[in-house]
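Chains as they are written, first to last, in the numbering used here: chain A, 567 to 790; chain B, 51 to 340.
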């Protein structure tokens, strides 16, 4: 369970999030929508403790993330997988090695890594690309690699920041279907997007942000 | 930890030029350090050799009887500052002369036992005792000359002190310089891999997971430089041993004891780990904010 309690985030004089209160249950699929600069990415970055709110509290399973000691941040990040719009794949590592990194930071053995990565790459259907480098991949393949890396450690929550932003519609749908499947296993998914078509077709919970405020929060919502 | 070694290995492989540059700087530093340690140890040993040699040589006049010699010898033995005495007869002096000049027949032909004086070699506890003992002995009427090698010891002591000061300063400077070079190279690599480090952090990498490979990398450069300089120094020592031994004469310090060389390797390895580790730790603290 994720809870935002009166969260405000300021960058100097500009307000990115303005008194946000939000509750997300385990296993939910939530779209965070809104125009650029609405505060979508800030919201996600607070959940990974990349940012601290200026005021308010954020809970993950009753644990206040704003009071999390520095040394416990890695443990939080192992529970919260992130898929980035720009993929953030490491250019000098192959697809296999990129995905393996998520297990390496968790201290898994080589055997566990080999087994886990093979399983996940087959699941996202890029096993045959395992020896390629990111520059040799298409946008969809790169995003699948990024998703594989985010979920290989079996996180409780998956954050996706504009994961379809740079993809063509067909590839974007492939990515969404994959996220949908991951959600069906019980993983909470919070996806920031402004892809109207995807939001309206999937009919999941939609939280609309505008200038840092929640202006709408609806189950099976729409993005208008 | 094995993962850290793996990551450090990968970091080194990715930037071979910096790796070679760092190792070469460390090589120079440890080469100078080893050379300094060897020269310092050698000069110390030479000093000890001269200090422990019969330092005063008392030559007797022609016609001195055994009775005269034994009176002087007994008087010296009673002195607390005297460790030992050794009488060298005319015949023994000739044998020593022959041994020293065995390669020069002309010199051997000219000398007989009669023209060499008998002597008494006197060892003292400390070099400071040389002059007082020499003064006592020289008052004896049967003594023709007393040779006191104080100058050799004083010169050697001065040289040893200079070696320690100058060599120590140079090595100290090089150690600091190497540490800064490691700091700079590791700092450069950290900045080069900022994106990768950021991604690792977002994936949940702990501070030690990110930092340890850099620290190990710095230590590796130190160890690579230390081991290679030790090997080169050992080869040079082995190659120049005959020449150096001829130059050193009676002072037996070559070939260098292998146990001493292994101990030296241990010392430089330890220093390499400290210098490399401190340099990279400095870089990590300065450039890697996790």
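Even for Gly, the Cβ is constructed at its ideal location relative to N, Cα and C.
Extent of the continuous alpha helix (DSSP H) run through residue 244 of chain B: Here the alpha helix (DSSP H) through residue 244 of chain B covers 244-252.
Assigned secondary structure, residue 195 of chain B (DSSP; H/G/I helix, E/B strand, else coil): In this structure, residue 195 of chain B counts as strand in the three-state DSSP scheme.
Residue 567 of chain A, DSSP secondary structure in three states: Here residue 567 of chain A carries a coil assignment [DSSP, helix/strand/coil].
Proximity test, Cβ basis, 8 Å: residue 714 of chain A and chain B: For residue 714 of chain A, no CB of chain B lies under 8 Å from its own CB, so it is not counted at the interface with that chain.
For residue 137 of chain B, the first and last residue of its enclosing beta strand (DSSP E): Per DSSP, residue 137 of chain B belongs to the beta strand (DSSP E) from 132-138.
Proximity to residue 90 of chain B [Cα-Cα], best of B:215, B:270 and B:277: Residue B:215 is the option with its Cα nearest to residue 90 of chain B.
Delimiting residues of the alpha helix (DSSP H) encompassing residue 332 of chain B: Residues 308-337.
Alpha-carbon to alpha-carbon, residue 147 of chain B and residue 75 of chain B: In a straight line, the C-alpha of residue 75 of chain B is about 50 Å away from that of residue 147 of chain B.
Distance between residue 667 of chain A and residue 687 of chain A (C-alpha atoms, nearest Å): In this structure, the straight-line span from the alpha carbon of residue 687 of chain A to that of residue 667 of chain A is close to 13 Å.
Sufficient close CB pairs (3 or more, under 8 Å) joining the stretch 280-294 of chain B to the stretch 245-259 of chain B: With the cut-off at 8 Å, the stretch 280-294 of chain B and the stretch 245-259 of chain B do not touch.
Cross-chain neighbours of residue 65 of chain B in chain A, by beta carbon under 8 Å: Think of a sphere of 8 Å around the beta carbon of residue 65 of chain B: no beta carbon from chain A falls inside it, the nearest being about 11 Å out.
Residue 216 of chain B in three-state terms, based on DSSP: Of the three classes helix, strand and coil, the one that applies to residue 216 of chain B here is helix, per DSSP.
Cβ of residue 635 of chain A within 8 Å of any chain B Cβ: No, no contact with chain B.
Contact list for the stretch 246-271 of chain B against chain A, Cβ threshold 7 Å: Those residues of the stretch 246-271 of chain B that come within reach of chain A (Cβ to Cβ, closer than 7 Å) are 246, 249, 250, 252, 253, 254, 255, 256 and 259.
Start-to-end residues for the alpha helix (DSSP H) that takes in residue 604 of chain A: Membership of residue 604 of chain A in any alpha helix (DSSP H) is not indicated, and neither H nor E is assigned to it by DSSP.
Pair within 8 Å by beta-carbon distance, residue 93 of chain B and residue 209 of chain B: Contact: yes.
Residue 671 of chain A: contacting residues in chain B (beta-carbon distance under 7 Å): What residue 671 of chain A touches in chain B, judged by beta-carbon distance under 7 Å, is 250, 253, 254, 255 and 259, going in chain order.
Integer-rounded CB distance, given that residue 730 of chain A should sit under 8 Å from residue 764 of chain A: Contact check for residue 764 of chain A and residue 730 of chain A: beta-carbon distance about 7 Å, within the 8 Å limit, so the pair qualifies.
Chain A contact residues for residue 53 of chain B, given Cβ-Cβ distances below 7 Å: Those are 670, listed as they occur along chain A.
Which listed residue (B:72, B:164, B:87 and B:153) has its alpha carbon closest to that of residue 142 of chain B: Per the Cα distances, B:164.
Proximity winner among A:650, A:655, A:626 and A:653, relative to residue 641 of chain A (alpha-carbon distances): The candidate whose alpha carbon is nearest that of residue 641 of chain A is A:626.
Proximal residues of chain B, C-beta to C-beta of residue 614 of chain A below 8 Å: Correct list: 252.
Contact set between residue 656 of chain A and chain B, taken where Cβ atoms lie within less than 7 Å: Simply 246 and 249.
With 16 other Cβ atoms within 10 Å as the buried cut-off, status of residue 275 of chain B: In summary, residue 275 of chain B is buried, with 16 or more beta-carbon neighbours lying within 10 Å of its beta-carbon over all protein chains present.
Beta-bridge partners of residue 617 of chain A, as assigned by DSSP: None, per the DSSP bridge assignment.
At least three beta-carbon pairs within less than 8 Å, the stretch 249-257 of chain B to the stretch 319-329 of chain B: Contact between the stretch 249-257 of chain B and the stretch 319-329 of chain B is absent, with fewer than three C-beta pairs closer than 8 Å.
Alpha helix (DSSP H) runs contained entirely in the stretch 732-763 of chain A, provided each spans 4 or more residues: Runs of the alpha helix (DSSP H) inside the stretch 732-763 of chain A: 735-750.
Where residue 57 of chain B falls, given that 16 or more other Cβ within 10 Å makes a residue buried: The residue in question, residue 57 of chain B, is buried, as its Cβ has 16 or more Cβ neighbours within 10 Å.
Contact with chain B by residue 667 of chain A, beta-carbon distance below 8 Å: Closer than 8 Å: yes.
Residue closest to residue 633 of chain A, alpha-carbon to alpha-carbon, out of A:705, A:615, A:578 and A:790: Here the closest residue by C-alpha is A:615.
Among A:624, A:700, A:772 and A:777, nearest to residue 790 of chain A - alpha-carbon criterion: Relative to the Cα of residue 790 of chain A, the nearest Cα in the group A:624, A:700, A:772 and A:777 belongs to A:772.
Residue 621 of chain A versus residue 579 of chain A - alpha carbon distance: Approximately 14 Å between the Cα atoms of the pair.
Residue from A:775, A:609 and A:714 whose Cα sits closest to the Cα of residue 662 of chain A: If we check each option's Cα against that of residue 662 of chain A, A:714 comes out closest.
Straight-line Cα distance separating residue 205 of chain B from residue 171 of chain B: So the alpha carbons of these two residues sit roughly 21 Å apart.
Reduced DSSP secondary structure (H/G/I, E/B, other) of residue 787 of chain A: Reduced to three states, the DSSP call for residue 787 of chain A is coil.
Length of the line joining the Cα atoms of residue 296 of chain B and residue 235 of chain B: Computed Cα separation, rounded: 44 Å.
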